[in-house]
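Taking it in order: structure first as structure tokens, then the write-up.
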Amino acid sequence: MPTALSPLPLNAPQQWTKPTYSNTHGGKTYRPTHPDLFKVEFTPPQSGGEEYSSRLVAVRDFEPNERITKLTNISLAPEKAYSSVQFGKGQRDHLELNSDLLFMNHSCSPTAEIHLTSNNPDQWEVRTTSKGLKKGDAITFFYPSTEWDMAQGFQCACGSENCLGEIKGAKHISLEELESRSYVNEHIRQLKETQV
Ligand SMILES: C[S@@+](CC[C@H](N)C(=O)[O-])C[C@H]1O[C@@H](n2cnc3c(N)ncnc32)[C@H](O)[C@@H]1O
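Written out as structure tokens, the structure reads:
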């Protein structure tokens, strides 16, 4: 049931269990959510617990500026988290992807973009950049293009020449820097314009 404040359901329309290294090896319970488009490459944990080193990889080529997929199974996030994506300026405007898209890592030279600007969440989508994508490429996006002040910042390991180092959200980067790396969502642009 949608809240009065949000256009999103509180729960995922389709049930989704987060795949991890441990629940995808041995038991093989992992079912890719978008098998014709991309897959998760799981990295074994180094020190017992689950880590954040898995990634999303294209299973076919994509044209420049092509829609990879719409965001089809999203729900309102209970709170801002490492897994959530910010879709508006409000405190509660964070969604959970509830699909393998969760495994899109950040890159300072991203291969994809999340577009959340439409008023209709049915139109929200992941697109390639002007470079397109080749089969086997990692699907990444520039986290500050959606995130203002992240719940969990991290030291970036994207390895690109122009890597920014610590990633904490758009609040901590100039608009020029944002625009030089990625499509910038409208809520981030507006927050940037009113930042004191
Ligand atoms: C939504 S998860 C992305 C999937 C994650 N790689 C995994 O294996 O679960 C976001 C987390 O992944 C890690 N991450 C994503 N991009 C990264 C990058 N460029 N460098 C280092 N860690 C990254 C961070 O820990 C971040 O909080």
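For reference, each letter of the sequence shown is one residue, going 1 to 196 in UniProt numbering.
We put the beta carbon where it would ideally sit given N, CA and C, even for glycine.
Checking 7 Å against the spacing of the C-beta atoms, do Phe-62 and Thr-128 come in under that value?
yes
May I ask which residues mark the beginning and end of the alpha helix (DSSP H) holding Leu-178?
175-181
Can you look up Thr-140 in the DSSP assignment and give me helix, strand or coil?
strand
Taking C-beta to C-beta, are Thr-69 and Leu-95 nearer than 7 Å?
no
Which listed residue (Pro-144, Glu-161, Leu-56 and Ser-99) has its alpha carbon closest to that of Gly-153:
Pro-144
Flag His-94 as yes when its Cβ comes closer than 6 Å to any non-hydrogen atom of ligand 1, and as no otherwise.
no
Assuming Asn-73 contacts Ser-109 (C-beta within less than 8 Å), just tell me the rounded distance between them.
In fact, because the Cβ distance is near 28 Å, the residues do not count as touching under 8 Å.
Should His-106 be counted as a contact of ligand 1 given a C-beta to heavy atom distance under 6 Å?
yes
Cys-163 Cβ short of 6 Å to ligand 1 heavy atom set:
no
Ordered along the chain, which non-local residues of its own chain (more than five positions away) have a Cβ less than 7 Å from that of Arg-55?
Glu-41, Phe-103, Asn-105 and Ala-138
Let's see if you can read the secondary structure: which residues bound the alpha helix (DSSP H) around Arg-189?
186-193
Would you kindly check if the distance between the Cβ of Pro-121 and the Cβ of Asp-7 is under 7 Å?
Looking at the sequence itself, residue 7 is Pro, so the reference to Asp does not match. Cβ distance < 7 Å, so Pro-7 and Pro-121 count as in contact.
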